[in-house]
Structure formats: C-alpha cells, structure tokens
Amino acid sequence: MTQILADSLIYAAEIGIIAMGVALCFAILRFANFAHVQFAVVGAYLTYSANRFLGLPLVPATLLSAVATGLLAVGIDRAVFARLRRITPEGKMIVSWGVALILRAAIACCFGGASRVFPVEPAALNALGAYFTSQDVAVVAATLAAILALHLLLHRTRAGTALRALASNAELAETRGIPAERMIALMWLISAGFAAIGGTLFALETRLQPNMDLIILLPTFSAVTIGGLDRVFGAAIGALVLSLAQNLLIGVDLGGLVGLGSWSVPTRFRDFIAVGAMVLILLLRRRMPGALAAR
Amino acid sequence: MIAIWSVLGISLHLQFGLTGLVNFGQVLPFAIGAYGAGFAAVHGAPGWSGWVIGGVMAPLLGLVVILPASRLTQDYWALVTLGAGELFRLAMLNIPGIAGGVEGVSVARINASGTAMLAALALLVATVLFARRIGHSPLGRMLRVLREDEVLAATLGRDPVRFQRVVTAISWAMAGLAGTLYAHVIGYISPSAFTVAETFLIWIAVLLGGPASILGVVLGTTIIQLTALSTRFVAQWSQLPFEFVANLRLGLFGLVLVLVFLLRPEGLVPERRERVDAASR
Amino acid sequence: MLQAADISVAYGGFQALAGVSLRAEAGSILGLVGPNGSGKSTLLNVIAGVQFPDRGSVTLDGRTVPAGRPELAAQCGIGRAFQIPRLTRRLTVFQNVLIGAPDQPGERVSELLLRPGRVRRREREIAEAAHAVLRRVDLAHKAQDYAGNLSGGQQKLLSLAMLLMGHPRVLLLDEPAAGVNPVLIAREIALLRELRAERRIIVLVEHNMDMIADLCDRVIVLDAGEIIAEGSPAAIRADARVMRSYLGEPA
C-alpha cells in the first residue's frame, strides 16, 4: 500500500507542477493553453542540452532552462496571444494548439525522434515498505519547494497580489492601476518556468522523447480540471487526486474487496481514468452563476 | 480521399461555421462510423450494417454529447467533446473485444478505386447539396442568429437548444457516414487514426478555408490534404529524411493555424451575404 | 392584463429587486423610471424570462408566464427590446426583421425537405409583412444594409420592428429614446401611440422625462430595487421622494 502511495506522490509531483502552470494561465488569461505541455517538453530538452553540451550540473541546468522557457513563452505571447486578447476562449484554445504544433515540429527537427536518457545514477532507497530512489525524493522535494515558492510569491509580494487581483477581476484590477500586460508577462514566466521544471522532472523519471507531450497532455489537463481549472494550488491537489485514483484503481484488488474474485483495473486504463475524470468533472460543474439566461 | 475529408469539413461547417458550436471531438463521430464497419467485420455481421451503425449511432451519440452543452460555456463544452473523443479512442484501444484493440481490424475493402472515388464523390455531393439547402433556408438564417446571440433568438420565441440538437445530429451523421466510407476505402482501421491530432487537422482545414462557407471548407480541406499527401514526394525530392519532412509539415500546419487567426480570421473564403429570403427587393 | 407579483432578485449579496409588483392593463403604457442601478432592466428581464427571479411570478391575462425561459415567454406574447439593441449584425436589416416572425416552417428540417412549397409560401408572407413593418418604422430605405452599420437610433427602431413581427401582446422597451435623435423619437412616440390603440400593453423604461410625461398613463418609480412611488406622470413629477432619489438628499 505504501508503494502505491509513494508512486502516486512521485507521479503527482511531476504532473502537478505542469498542471499548476496551466491553471495559472487559465486564471489570468481565461483559456486552456494546449501549448503548455510543449513548454514542458522544450524545458526538458533545454535542461538536457545545458547538462550535456554545456556541462552544467542538473540543478543549475534546470533553472536555466526554466528561465529560458519562460522567456520563450513571453515572446510567444507578444507575437501571438497578445494580439488575440479579444477573441473567444475557445478561439484561443485553437490558436494554442497551432503554437503547440509549431513548437513540437521545432523540437523534433532539432533533436530527432529518438529518445534519450539523462545521465544520472540515483541511489535506490527503501522506507516504510516502499521502494524508491533518491531521485524520486529529489523530484518530490523540488515540487514542494516550487509550490512553497509560488505560495510565497502570490501571497507575500506586491507582484503576487497584483496577479491574484488580475485573476479574480481583470477589469477592476486594471482600473486600480495594475499593469496588466506586465503581469501577464510575469505569469508566462512563472507558468512556462514551472512547465520546464515539470518537464525536466518527468524526463528524469521516465525518458526524454519528442512525444512526451502526448503522454503528459491528458493527465495534466485532467489534473487541472479536477483541481478547478483556475485554481493554481488546486491543480497540484488535482494531480495528487488523479495520481492516487489511477494507482489505487489499478493497484488495489477491487474484485477482492467486493468478493467477486481477484480483479483490478488493467494498467492500460490509466489514461482512460484520467480523461474520464476530466469529462465527468466538467459535466458536473455548475453553470456559471449570476448574469443573464437561466439555462 | 479529399472528398471524404471534405465531408467531415462540411459537418464542422454546419456546427461551427453556421451555428457557432465549437466541437473538439469531431473525430469521434468519424471514428464511430469507421468502427461501425470494423465492428461489423469482426463479428461477422453483413457489410451494410456498418453503414447503419455509422449513420445512426453517430448522431445518437452526438445528441448525448450536446445535452450538457446548454449548461456549459463554449470552452468547457469544447473540452468535453475532446475528452469524449479520447475516451472512445482509448476504449477501442484497450478493449480488444470490440474491434481489434491495438492491432486494428481489416474491413471489406472497395478494391476498384473507381468505385471508391464514385462513392466518395456521391457522399460529398449529397452533403454539399444538403448543407447548401440548409444554409440558404430560414433554418440557416436562425442558426446564424444563434451563432451571434442566443438570447436574441430566445426572446424571439426560438428554443436555442432544439436548434443545437438538430445541427449536431445532422453534423454527426455526416461525419459518421464519412467514417464508414473511410473504413471501406482504406480497408483497415486502428485507434491511432482517430486521435486529437486528427480533429485538429479537420479544424485547420476548415478554419483555413473559411468556416462559414462550403466552398471555403472544401478548399481548405483540399489544400491540407494535398500538403499531407505530398510529404513523401517532398522528402524524396529534397533528400531529407521522411520523419523530418513530416515534422516540418506539422509545424507548417501549426503556423498556418496561427497565421489564420492573426491575419485572416474569416478564412480564405469569407461568408457572402446570403440571399436567404424568397422575395427580397 | 400583465401582472408581476412580488419579484425579488439578488446576485451574490446585492439585492437588485425586492418584492416588486406591477400591473398594466391592455391598451396602456406604463412607465418605469428610477436612477441607474435601481433594477429597472432587471425587472424587464424577469418579465421576459431572460432572468430567473428568486421569488415572485408573472402572469399575463391570468396565465402564468414560465420563469427563466425567454422562448416560452416570447411564445406567450411578451416581446423585449434591450437597452443595447440585440440584433444580428452580420445579417441585413431586412433579414433581421424576417427572423422576428414567429412561425417559420422553414426552420424545421422535416418541412424543408418534405414541404418546400409551404416553406416558400410562408417566406413570401413573412417578406411582405417585413416590408410593411419596415415602412412603419421608416427604415425601408435601409433594408439591404447590414444591421451592424446602422446608427444607434436606427438600431433601436430595428429592434422595435423585429419585435412587432411577432405581434406581441406585451412590449417591454428599455430606453428606446437613449441616443436617438429627436425626429426619430417623435416617430417612436407616434408608433407607441398606435400600438396602445391596438390594445397592446407597453412597459417603458426611460430617463427621458418628457417622453414619459407625454406617453405614459401611469408611472412606477424604482429606487434600489424597491418601488418608491406610483401614479400618474403629473403626480410623480411633484412627488418629493422621487425628487430625492434622482437628485440626492437636499443639503
């Protein structure tokens, strides 16, 4: 059982960071950014490059990659999203898919289709009846650190307060003199930076390959949805919930519980659970309150 | 091939171009149609039952999907349809009993390419005529109103949900039939042909050509399909590896999508002022 | 007779309407005035079914109008014109008026396919009615322009025209004179008088006091979601409470 919990925690950490970025973007710009997972992939590749070709140790490489990806995101915003502030949310989603395709193609062209592995040798550990590695510990620790840092930023700094104001009521925030565009740039920095870190962690845990984005896409969006779409910390919790749900459903002998003979959800249904949860939550959402039309 | 994908494009035209409904799972009815054929093949049912499944199941499912649409804002509904499409694909992938699982399944193939072409064109022509009839009718008029302002339609005594249901049913039926035809033309279906990427391919084609015009949709589909098919030739001609060119193509599509939004949101063929009234002076 | 009983609406802590009731007889024009934010538009929305009240009901000639379902309210004969006119900008003025007509077999797929003759005939009828209505509101010369290209005042007239196509028993008009030039206002006033003579019920929200005084048989004054005065235009003009609500507390 503790193994299940440990695995869930690790997986949740990887996905959670990325999911938080999506939620942040949703909170400020009000659309689901499909390109976000691409930021994660870009970040992972940049870290790898910094590590392999520049010889930087992992931690600085990751940080460098996070900053670089963040700047990339700001650039993309300037070029594309900034000009499209006024279109419908679903329109922004479609555009973000376009951006995602461009990024994906760029990565594939630069790095080729083969998968690579980070040159790390983690130590194997064992505690409380679960097996994991020192790398796993680092991953979870990194995530927790990131969450803490974000919390401090959002609640203890002026910039953070400005961001939260923008998220809750954009028009009001602007009339109070909050520089929306600069805050949006900050949001992209954080969001993409988190994606980059998350992508790196994910690649560390599994491997680095161009179609990482497809593997990450569904669980990430599912986590964000579970967490409440525009709730940043909710996304982290959503990731945990999803991860637990997946591992529990797959790992626990459900058949045995109900007394029907040994059966558990086959492993392949992992994604199914993720998407199913997402759809379910969306369907169960209450309609937006207030304003016109009682439907 | 172009014909088949054009039918898909037109189905989206009805939903989005005319009515303003944003559906990210259009591959779903397509897949249902294709899998209808596959299902029939696997379980030994006669060939025509695949068509029935495609033409009937698809709109039924569409109605199920549209049910929550009235409660959800457009972008949430878009995500739901996306999820629904993926759920279907994953189900097909992971439950081998239905239609072959990962392996996919072979379906009775229309071997004479002439017949295939004819069938596709027939479907396309039928679809175009139907879509035109709707577009030029009072129904089309009201759909355009719905696209712009649902509340207006309601205060004029129309029930927006009924219209959305009708359009979705028709649109999904079209897509379903296209799917079944696709299965019979290709002769083989597997879950990997029906991913989110396919949905967006249709979207790019529609958006590029002009979602509000049938001509635009067909044009857009043609461009995209030709580009896709030419990848092999470009690779050979330029001596670059196929993988590379394929990725370039994807990036190109992404670029096209972004550019359309930035430069020409109406698409290549914008909506003409339709003469939707019988006796206007 | 139109009757709204004890309507209350609140959004997130803010009470837009508190127990408001009104009555209007057939062939009368009821004025609804009050400072901005007093709940006038909300009240119209509730009657038209566009908004769901927390409490209260609306009846027309004794039959209850379903709440929160604008299409059903419209089918009962209630028409609403909005403060910011709702139109289809991408269609022409003529087409906009066409959609105002309620019973259109052409909007059903079965009719389109099986009874095209009937669809065509009805289209012709509607087209003629549309021309007539456009002449009535003096917009005939703009028939082929896109609705989005009209001036504000013309758009209000277009809204009115669209409304009239449905032969509504009740017309709920939200500031039809705001931003409209005096010539068109006079036209509107004449039109409303005709409609009153046709025994329709008109509820008019306006800030233009002259128009209110000129047209209305009775006036209700709202402030902060409550009725503070009710009576003839002259009586309202002289009412101290109304003065206070519009001009603020005297120093």
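Residue numbers (the numbering used here), protein chains in the order written: chain A, 1 to 295; chain B, 1 to 281; chain C, 1 to 251.
Just so it is clear, CB atoms sit at the ideal spot from N, CA and C, and this is done for glycine as well.
By the CB criterion at 9 angstroms, LEU90(B) and LEU123(B) fall outside the cutoff. Counting only unbroken stretches of 4 or more residues, the alpha helix (DSSP H) elements lying wholly within the stretch 132-189 of chain C are 152-164, in sequence order. Against chain B, a Cβ distance below 8 angstroms from MET162(C) picks out LEU156. Scanning chain B for C-beta atoms nearer than 7 angstroms to the C-beta of VAL133(C) yields nothing, as the closest lies near 14 angstroms away. Here the alpha carbon of GLY31(C) sits roughly 8 angstroms from the alpha carbon of LEU215(C). For SER213(B), no beta strand (DSSP E) encloses it, and the DSSP letter there is neither H nor E. For ARG218(C), no Cβ of chain B is located within less than 9 angstroms of the residue's own Cβ. Taken in chain order, the complete alpha helix (DSSP H) segments of 4 or more residues contained in the stretch 164-210 of chain A are 170-175 and 180-205.
Proximity of ALA185(A) to chain B, defined by a Cβ-Cβ separation below 9 angstroms, is not satisfied. For the stretch 67-97 of chain A, residues whose beta-carbon sits nearer than 9 angstroms to a beta-carbon of chain B comprise ALA79, VAL80, ARG83, LEU84, ILE87, THR88, PRO89, GLU90, GLY91, LYS92, MET93, ILE94, VAL95 and TRP97.
Around the beta carbon of TYR182(B), 16 or more other beta carbons sit within 10 angstroms, so the residue counts as buried.
Among the residues facing chain C, ALA153(B) is included, as its CB has a counterpart in that chain under 9 angstroms away. Excluding five sequence positions before and after PRO176(C), the CB atoms of its chain that fall closer than 6 angstroms to its own CB belong to LYS156 and GLU188, given in chain order. Beta-bridge annotation (DSSP): ASP223(C) is paired with GLU226(C). Any Cβ of chain C closer than 9 angstroms to the Cβ of VAL128(B) would place that residue at the interface, and such an atom is absent. The beta-carbon separation of GLY193(A) and ALA23(A), rounded to 14 angstroms, does not stay under the 8 angstroms limit for a contact. For ALA91(B), the residues of chain A that pass the 8 angstroms Cβ criterion are PHE272, in the order they occur in the chain.
When the Cα atoms are used, GLU150(B) and PRO160(B) turn out to be separated by approximately 7 angstroms. For LEU252(B), the closest of ILE147(A), ALA100(A) and ILE178(A) by C-alpha to C-alpha distance is ALA100(A).
Between LEU153(A) and ALA159(A) a beta carbon distance of about 7 angstroms is seen, short of the 8 angstroms cut, so the two are scored as contacting.
In this structure, the CA atom of ILE212(C) is about 20 angstroms from the CA atom of ALA224(C).
Counting only residues of its own chain and dropping the five nearest sequence neighbours on each side, ARG30(A) has a CB closer than 6 angstroms to the CB of PRO89.
Contacts between GLY254(B) and chain A, judged by CB atoms closer than 9 angstroms, involve TRP97, GLY98, VAL99, ALA100, LEU101, ILE102, LEU103, ARG104 and ALA105 in chain order. The residues ALA12, in chain order, have a CB closer than 6 angstroms to that of LEU240(A) in the same chain once the five nearest residues on each side in sequence are set aside. Cβ proximity to chain B below 7 angstroms picks out nothing from the stretch 13-32 of chain C.
Residue state for ARG232(B) is assigned as helix, using DSSP reduced to three classes.
In the three-state reduction of the DSSP assignment, ARG90(C) falls in the coil class, being assigned neither a helical nor a strand state.
Here ASP54(C) carries a coil assignment [DSSP, helix/strand/coil].
SER213(B) sits buried, since 16 or more C-beta atoms from the chains shown fall within 10 Å of its C-beta. Under DSSP, THR161(A) forms no beta bridge with any residue. Around PHE200(B), the beta-carbon contacts reaching into chain A at under 7 angstroms are TRP97.
Rounded to the nearest whole angstrom, the C-alpha separation of VAL58(C) and CYS25(A) is 44 angstroms. Taking 9 angstroms as the CB threshold, PHE261(B) lines the interface with chain A. Within chain B, not a single residue places a beta-carbon under 9 angstroms from that of LEU157(C); the smallest gap is close to 16 angstroms. The DSSP-derived three-state label of GLN38(A) is helix.
Listed in chain order, the positions of the stretch 224-244 of chain B with a beta carbon within less than 8 angstroms of a beta carbon of chain A are GLU243 and PHE244.
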